[in-house]
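Chains A, B, C and D supply the protein sequences, listed in that same order.
Quick note on this note's numbering: the first sequence kicks off at 1196 and runs consecutively.
Quick note on this note's numbering: the second sequence kicks off at 1196 and runs consecutively.
Quick note on this note's numbering: the third sequence kicks off at 1196 and runs consecutively.
Quick note on this note's numbering: the fourth sequence kicks off at 1196 and runs consecutively.
Beta carbons are placed, not taken as given, at the ideal position from N, Cα and C, and that holds for glycine.
Note that the coordinates shown come from a computational prediction; the quantities given were computed from them, not determined experimentally.
4 protein chains.
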Amino acid sequence: MSDFFKDIKPLSYDPEGSDLAFRHYNPDEVVMGKRMEDHLRFAVAYWHSFAWPGGDPFGGQTFDRPWFGETMDMARLKADVAFEMFDLLNAPYFCWHDADIRPEGDTFAESLRNFEEIIDYLGTKMESSKTKLLWGTANLFGHRRFMSGAATNPDPEIFAWSAATVKACMDATHKLDGQNYVLWGGREGYETLLNTDLKRERQQAGRFLQMAVEYKHKIGFKGAILVEPKPQEPTKHQYDFDVATVYGFLKEFGLEGEVQMNIEQGHAILAGHSFEHELALASSLGIFGSIDMNRNDYQSGWDTDQFPNNVPEVALAYYEVLKAGGFTTGGTNFDAKLRRQSLDPIDLVAAHAGAMDVCARGFKAAVAMLEDGTLEAMRDERYAGWESPDAKAMLESDLASIAAQVAKDGINPQPRSGRQEILENIVNRFV
Amino acid sequence: MSDFFKDIKPLSYDPEGSDLAFRHYNPDEVVMGKRMEDHLRFAVAYWHSFAWPGGDPFGGQTFDRPWFGETMDMARLKADVAFEMFDLLNAPYFCWHDADIRPEGDTFAESLRNFEEIIDYLGTKMESSKTKLLWGTANLFGHRRFMSGAATNPDPEIFAWSAATVKACMDATHKLDGQNYVLWGGREGYETLLNTDLKRERQQAGRFLQMAVEYKHKIGFKGAILVEPKPQEPTKHQYDFDVATVYGFLKEFGLEGEVQMNIEQGHAILAGHSFEHELALASSLGIFGSIDMNRNDYQSGWDTDQFPNNVPEVALAYYEVLKAGGFTTGGTNFDAKLRRQSLDPIDLVAAHAGAMDVCARGFKAAVAMLEDGTLEAMRDERYAGWESPDAKAMLESDLASIAAQVAKDGINPQPRSGRQEILENIVNRFV
Amino acid sequence: MSDFFKDIKPLSYDPEGSDLAFRHYNPDEVVMGKRMEDHLRFAVAYWHSFAWPGGDPFGGQTFDRPWFGETMDMARLKADVAFEMFDLLNAPYFCWHDADIRPEGDTFAESLRNFEEIIDYLGTKMESSKTKLLWGTANLFGHRRFMSGAATNPDPEIFAWSAATVKACMDATHKLDGQNYVLWGGREGYETLLNTDLKRERQQAGRFLQMAVEYKHKIGFKGAILVEPKPQEPTKHQYDFDVATVYGFLKEFGLEGEVQMNIEQGHAILAGHSFEHELALASSLGIFGSIDMNRNDYQSGWDTDQFPNNVPEVALAYYEVLKAGGFTTGGTNFDAKLRRQSLDPIDLVAAHAGAMDVCARGFKAAVAMLEDGTLEAMRDERYAGWESPDAKAMLESDLASIAAQVAKDGINPQPRSGRQEILENIVNRFV
Amino acid sequence: MSDFFKDIKPLSYDPEGSDLAFRHYNPDEVVMGKRMEDHLRFAVAYWHSFAWPGGDPFGGQTFDRPWFGETMDMARLKADVAFEMFDLLNAPYFCWHDADIRPEGDTFAESLRNFEEIIDYLGTKMESSKTKLLWGTANLFGHRRFMSGAATNPDPEIFAWSAATVKACMDATHKLDGQNYVLWGGREGYETLLNTDLKRERQQAGRFLQMAVEYKHKIGFKGAILVEPKPQEPTKHQYDFDVATVYGFLKEFGLEGEVQMNIEQGHAILAGHSFEHELALASSLGIFGSIDMNRNDYQSGWDTDQFPNNVPEVALAYYEVLKAGGFTTGGTNFDAKLRRQSLDPIDLVAAHAGAMDVCARGFKAAVAMLEDGTLEAMRDERYAGWESPDAKAMLESDLASIAAQVAKDGINPQPRSGRQEILENIVNRFV
């Protein structure tokens, strides 16, 4: 045992308890026929919680972690502390990028060796832990070699490097029994069209994703392949802007049956959508997969990756998740980082605990809204006209016939209230 | 002749001339083998220039036009003045919504009668004018009946009304020899998911667009069907958010070979993209059609629809248009409105004249950049590695083979400068 | 009695009650030694609730109110219905612009006559109602004469018109025993510097505000003069951008002891601030007055003026109000409008009721946070170092002495955790 | 001589010349009675050009500079290369933060020793160079000790450290004959009100600025003290949000006669203003000082610090600078960084050269607009009514008298066109 969390006891469900307890998250509570833990499927993100030094564009490292340093010993210490926190939180899942867990080597071969060694170490840790792998992914954006993209790079050698990296990360995810494999298009995008062949780059990206899907089948990986949309950052024009964009991309490359979405609240916001919109759209297109439940400051023009803390917002998100059928391989990942002034181990634990509680409250409110049924009934009633045989027939008809009917019937349709405020009031009974 | 523009003379090309001349736009100048007029294909928008009263959410009508009023006489006077301005500007094209040109009737039948009568009137005017119809479209968003959408409305009667309206507008566009028919998804979107069945509404929208395409073929209309993407306004969640979104939608409904894009700078900006991005993306997807060359204030969160006035920006847009092969049926529409304080007839003429000059300057700069070739050569050079047989073979390969090759070759790819500032300097030689 | 709200019964406090009851707002409940009604001081805004037709830039009127029409009869009917709603809601206050309550006349004199007559009518209504006037204000932005500003207009006649209007509105507010008089700088701002003399316009605005203050004293009005900051809309550059801007303006014109702020959540958001920031800043500068408790969509770049519905946000706002000492003459106005699809009378009542409940919940949470004291204790502890005599002396010292001390002491200050997540978790215990 | 710029020759004015010449910037050309160099007073920023490694929140260092490393030798090499570039560009000025030019020591004393040594080294370099110091400043935001602010820190020791640092930087600026001393409120702001005493922090900041002004007088520094406003980044709520905010702050602390503004385009944009607005406002308040002429991407919600490349925008900025009387101690600093993909020495030189050319073009256009006089004449004409004795008398009058006059005269003011498009067309003749 490291002594990083030395005075912190494992957290348990204790509604009236001390600061560091779950006041709302009760993993064993059965809701809609399933344990809450199995509904929410929380995951801790290795990168922000254990690899991020606290820098921003105007200042460097603020966190002072004993495991910072690019050696295998440090990587193992980091893993030890990470699992200690997973245990404290009773976290069912975690996630990683390759670069979070292993030191970068001087060559691809050395990085790969480091990676494989640490994957084995994680495997050993997992044997004595309840925490499983929600997903693995490759960091194809941090190192300077990726500054102009990975799959979309103008240099085919970097495409090759990226492909080899994804192979290694898929192998490792498979080995650790990961539930999903995620691709986030880090720097797949561009800064200026003046130096960019957009068409070619999109073709490269499409082929790359096809290769990942082909490889999944080849190795027999049963988890889902997830793409995580994000707009505007780090490149000004990210190719995987939002769910609708990625859907078009999947259709173009024949992948819509193979790939699902990992949707992040902060990314949805940056794209000008609500989180619920992205969830509902993915669900309606049959590509909903998993979520990153971290919030963005609505007024900052970049990804602030904060732990969720607004129950009403979280409730509306889980409401869409539930209507999409809930998670299968997916889960609730916190792609969230401490504020850079939150220096202490207790900040890290408390941030996760608070987030899990906020999610539990939001989730229970979403369940209650769904079980109550008023919202769905009011929505159905609004579209009731479309259930008539005439309305259905009209959809199979054509403009000229409809126009003839309009003339014949002399219709004069009247608008009906959309009831937004009343619906919002109903939501407020549950949150 | 009305006396609305009484002291304003027809504008001509006069580089050193008076305020109200074209200093840069010379319709007959041959550039890249074609007259400038035939390249740029300018269109005046009926709605903003002749139907908009100058209101905003905090105040009503500021413009005091003699033709304001919902009668057929007023509609004819409006048409007279419009064609007087087309003549003053020597404008090759114009565009309309049904609601711009005819008074609303009490019934569908009456509105249709008004519309058909005014279409005939426009037809007569066009006989003695050089100005042709770039496109027609239906206003399915202004009247309160459309407050919850047209094709996507929860009420099938409004779907029917909308379908009958589009039929009439397509018929009229065909009759007037329009070059295109445009669909802008006015209120096809939603305010809150709480009252919205997103999946159903998308299905309605898809079917509606299919019907429009089917009807085009039925009546033998040879122009293009154009969809105009727009995000965030007037509904918070517009379904046709941007080019990428509409592409996915077209693919979903099997329409990607039938429908092209009408791309507006202001809409691109609101979606978080550059205008050039939307143009280049549409071109790369084979769905580029036409443009609305009005600018948005970058800092206002709504569509400000201002006349273009920044030559460097306009140049970059036409550069993409030229690389897309230029316009076929499309053109340069000004979906631009006077500022509401610009009350006078001369403001209206000068705004268009200034915009046409800005476009001419930008277009000539774009031509010069293309003919110079440095930019394209530098871009090609950046991707030269992908021309090698090995690189091409890699794209046909798979992750495992690539990984083996990476291991074997011990590659260590080095980043190369993206040259953004130097490329921007080169652009500045031409604008 | 009109029959507009015919089937709607007066609302009462009924925690488990029907849809149209207050589940949380109990006016008579005593909190921190005062009735909740006297803390919150809710006001209904005449303009959005009774004068706004439901238009937006893409469509016109959706609401169909029996009192729409520019006659005195209609104005009286509107007042009748307004007071019926005040009674239904048991609203302690209301607010108006002159233009909300009277028909515009053809001349200033006629408008004034209409206004004075309707003020008398309102006075009579108030005699038999518990609802009092929170504030009056002048609409100096709606009519086309104000298109280039009121006090800041390039035309001195419009300054004169505006001054005469404010005089009339102040007289009327005084007559009706209003608690405050508000000035919102509607179109005091500009679209382009090219036609604007910013310095001169600011001088005009400063003198205008001085005149209003002088007139208040002359007539013996005891209420507060409030300025309402707003950025970016309707003019691109509004002079009263935010609290900090108005403070500098007040200092420049010697008015900081005479004028307080009416702060709106939506305006704070548009200015890039949080609502709490504006409240805390005004409080720290001694100019906090009143609030408009309507929310903005964070992602729409304009003022959406929605009824509040997020309890955690509302709680943080009231927390700052309470720390500022609560309201004296100010109150909680809803400068909120129904969504334009919410057509029915019940939507109007339910929207207010829901908002009042949300405020009551937020307020009670704020009280609990304050009474608990943990948040304030943690904040005080963070600054405890500044309570030492040495630290206080340093502030009276100078750079050279401090530098000498730093050298002498060899200090090496270490950062301490800011505890943001833990503080946010604490807030979540109360909301 | 280092060999960093080995194949790059000094740039000269050569309108038809090679890529690396000034095509527009001719330092010796006399415009409005003064050499262009003396008007524009270009400065190179040490930090971005020589100290920034190319990182962003998603990736680390991309630049590979021989002087990267925290030793005095490296600091001297960096200075050598910097002066080599100043010479290549014939740059009249440069600017620094202490942290740009010296390695951080383990203690304050060691950092100070390093700093003083490198200041002497710079002094020696300046003796054999034409390049002078436009301004110096202290980096009080990069190191983790400043994570919660400098002057506004909850820890008085950090206030002390900051004060001692500013003293050293002011001494050094004075020693090197700097034209100005700048304070940018790096992390003077806050992330959450929950841990912030806003009133106290503002008092600390006010006192700190007073101390800097007092120290200036004590040491006889004749340059200007400049504050640089910035909103929203790096803290969510920066105290020095914009010019208007800082003006109020200066008034509060009695500093409005002592401190001027250093205004950056990118910061203006982030605050929701145009650059011209901030310039015109500072000028009208008598606090205009200097500019940072780097552009922001309008669509990125953070400071992108790009070299200027849009001539029309730059022209409008210099138009305001000229109307403010031009620079006295101020100048045109490029607080601009290469895109992180622009790796090569030639990128660095070309970026500056292109920016200087863009500024020269914009400046010459501004001069031409001013000398032409049409714009100013049209503006003056718009306000001509205010020149009448009656209008002037009205401003000295009161609400009641004005109201009486309005009634007596029966005025009915009519709006007049604001002419925005025509004015924009006029601007386009010059750019």
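What runs of the beta strand (DSSP E), each 3 residues or longer, lie entirely inside the stretch 1482–1506 of chain D? Unbroken beta strand (DSSP E) stretches of 3 residues or longer found wholly inside the stretch 1482–1506 of chain D: 1483–1487, given in chain order.
In this structure, does DSSP put His1219 (chain C) in helix, strand or coil?
Coil, per DSSP.
Report task. Please confirm if Tyr1578 (chain B) has its CB atom under 8 Å from at least one CB of chain D. Result -> Interface annotation, Tyr1578 (chain B): not in contact with chain D, CB-CB separation never under 8 Å.
- Query: Which residues in chain A sit within 7 Å of Pro1610 (chain B), going by Cβ to Cβ distance?
  - Reply: Going along chain A in sequence order, the residues near Pro1610 (chain B) (Cβ under 7 Å) are Arg1339, Arg1340, Met1342 and Ser1343.
Just to confirm the assignment, what range does the alpha helix (DSSP H) spanning Ala1246 (chain C) have?
Careful: Ala1246 (chain C) lies outside any alpha helix (DSSP H) and carries neither H nor E.
Point to revise | Beta carbon proximity, Thr1257 (chain C) to chain A, threshold 8 Å | key: With 8 Å as the cut-off, Thr1257 (chain C) counts as an interface residue toward chain A.
(Q) Whole angstroms are fine: how far does the CA of Val1516 (chain A) sit from the CA of Asn1457 (chain A)? (A) So the two alpha carbons sit approximately 12 Å from each other.
Checklist entry - If you compare alpha carbons, which of A:Glu1322, A:Val1438 and A:Asn1491 is closest to Leu1480 (chain A)? => result From the listed residues A:Glu1322, A:Val1438 and A:Asn1491, the smallest Cα separation to Leu1480 (chain A) is found for A:Val1438.
| By Cβ distance, which residues of its chain are closer than 6 Å to Leu1328 (chain C), with the 5 residues on each side in sequence left out? | Counting only Cβ-Cβ distances below 6 Å, and skipping sequence neighbours, we find Leu1371 and Gly1373.
- Task: For Met1269 (chain C), go through chain D and note every residue whose CB falls closer than 9 Å to its CB, in chain order.
- Result: The contacting residues do not exist; Met1269 (chain C) stays about 24 Å from chain D at best.
| task | May I ask whether a heavy atom of the ligand ATP can be found less than 7 Å away from the beta carbon of Tyr1208 (chain A)? | result | This structure does not include the ligand ATP; it has no bound ligands of any sort.
### Query
For the stretch 1416–1443 of chain A, which residues have a CB atom closer than 7 Å to at least one CB atom of chain B, in sequence order?
For the stretch 1416–1443 of chain A, the residues whose beta carbon sits under 7 Å from a beta carbon of chain B are, in order, Pro1426, Gln1427, His1432, Phe1436, Ala1439, Thr1440, Tyr1442 and Gly1443.
Which listed residue (B:Ala1246, B:Arg1236 and B:Lys1411) has its alpha carbon closest to that of Thr1368 (chain B): Of the candidates B:Ala1246, B:Arg1236 and B:Lys1411, B:Lys1411 places its Cα closest to the Cα of Thr1368 (chain B).
At what residue ranges does the stretch 1543–1598 of chain D contain a whole run of the alpha helix (DSSP H), taking only runs of 4 or more? When DSSP assignments are scanned along the stretch 1543–1598 of chain D, the uninterrupted stretches of alpha helix (DSSP H) that are 4 or more residues long and fall wholly within it turn out to be 1569–1577 and 1584–1590.
- [ ] State yes or no: is the beta carbon of Asn1607 (chain B) nearer than 8 Å to at least one beta carbon in chain A?
- [x] Yes, Asn1607 (chain B) counts as interfacial toward chain A.
Minimum C-alpha distance to Leu1206 (chain B) - residue among B:Ala1599, B:Ala1274 and B:Asp1552: Comparing Cα-Cα distances from Leu1206 (chain B) to each of B:Ala1599, B:Ala1274 and B:Asp1552, the minimum goes to B:Asp1552.
Q) Should Ala1304 (chain C) go down as buried or exposed, given a rule of 16 or more other Cβ atoms within 10 Å for buried? A) With fewer than 16 neighbouring CB atoms inside 10 Å of its own CB, Ala1304 (chain C) falls in the exposed class.
State the DSSP-derived secondary structure class of Tyr1442 (chain A), mapped to helix, strand or coil.
Look at Tyr1442 (chain A) here: in three-state DSSP terms it is helix.
inquiry  = List, in chain order, every chain D residue whose beta-carbon is nearer than 8 Å to that of Ala1466 (chain C).
reply    = Within 8 Å Cβ-Cβ: Gly1467.
- Item | Member of B:Gly1461, B:Phe1245 and B:Glu1423 whose CA lies at the smallest distance from the CA of Gly1525 (chain B) | Gly1525 (chain B) has its Cα closest to that of B:Glu1423, out of B:Gly1461, B:Phe1245 and B:Glu1423.
- Can you tell me which of B:Arg1382, B:Gly1331 and B:Phe1529 puts its alpha carbon nearest to the alpha carbon of Ala1346 (chain B)? Taking only the C-alpha atoms, the option nearest Ala1346 (chain B) is B:Arg1382.
Applying the 10 Å Cβ sphere with the 16-neighbour rule, what's the burial state of Arg1230 (chain D)? Label assigned to Arg1230 (chain D): exposed.
task = Tell me whether Ala1466 (chain D) sits in a helix, a strand or coil according to DSSP, three-state version.
result = Looking at Ala1466 (chain D) - three-state DSSP - the assignment turns out to be coil, as it is neither helix nor strand.
Exercise for the section: Give me the Cβ distance between Gln1399 (chain A) and Ser1495 (chain D), rounded to the nearest whole Å; I'm assuming they're in contact under 8 Å. Expected result: Taking 8 Å as the upper bound for CB-CB distance, Gln1399 (chain A) and Ser1495 (chain D) are not in contact here, some 25 Å apart.
key: Start and end residues, beta strand (DSSP E) containing Phe1529 (chain A)   = Secondary structure note for Phe1529 (chain A): its beta strand (DSSP E) is the uninterrupted segment Thr1527 to Phe1529.
- Along the chain, where does the alpha helix (DSSP H) that runs through Asn1623 (chain B) open and close? Counting along the chain, the alpha helix (DSSP H) containing Asn1623 (chain B) begins and ends at Gln1615 to Phe1625.
(message) So, at 6 Å on beta carbons, what are the nonlocal neighbours of Phe1341 (chain D) in its own chain, with the 5 sequence-adjacent residues on each side left out?
(response) If we look at Phe1341 (chain D) and ignore the five residues flanking it on each side, its Cβ neighbours are Leu1335 and Arg1382.
Beta strand (DSSP E) containing Trp1262 (chain A): first to last residue?
Note, Trp1262 (chain A): premise wrong, no beta strand (DSSP E); not H, not E.
| query | Apart from the five residues on each side of it in sequence, which residues of its chain come closer than 6 Å, Cβ to Cβ, to Phe1470 (chain C)? | reply | If you ignore the 5 residues before and after Phe1470 (chain C), its C-beta comes within less than 6 Å of the C-beta of Gln1460, Ala1463 and Ala1512, all in its own chain and listed in chain order.
**Prompt:** Excluding five sequence neighbours on each side, which residues of the same chain lie with their C-beta closer than 7 Å to the C-beta of Ile1597 (chain A)?
**Reply:** The residues are Met1589.
Practice prompt. Could you tell me whether the Cβ of Thr1387 (chain D) comes closer than 8 Å to any Cβ of chain C?
Written response: Output row for Thr1387 (chain D): interface = yes.
Run through DSSP, which three-state label would Asp1282 (chain C) get? It is helical.
* Select from the stretch 1560–1590 of chain C all residues with a C-beta closer than 8 Å to any C-beta belonging to chain A, and list them in chain order. => Per Cβ criterion, the list is empty.
Quiz item: Roughly how many angstroms lie between the CA atoms of Val1441 (chain D) and Val1377 (chain D), to the nearest whole one?
Solution: Each residue's CA atom was taken as its position, placing Val1441 (chain D) and Val1377 (chain D) some 14 Å apart.
Test item: CB-CB of Phe1529 (chain D) and Met1488 (chain D) under 8 Å: The Cβ atoms of Phe1529 (chain D) and Met1488 (chain D) lie closer than 8 Å to each other.
Exercise for the section: Ignore the nearest five residues each way along the sequence and tell me which others in Leu1474 (chain C)'s own chain have a CB closer than 7 Å to its CB. Expected result: These residues qualify, in order along the chain: Ile1458, Phe1483, Ala1512, Glu1515, Val1516 and Ala1519.
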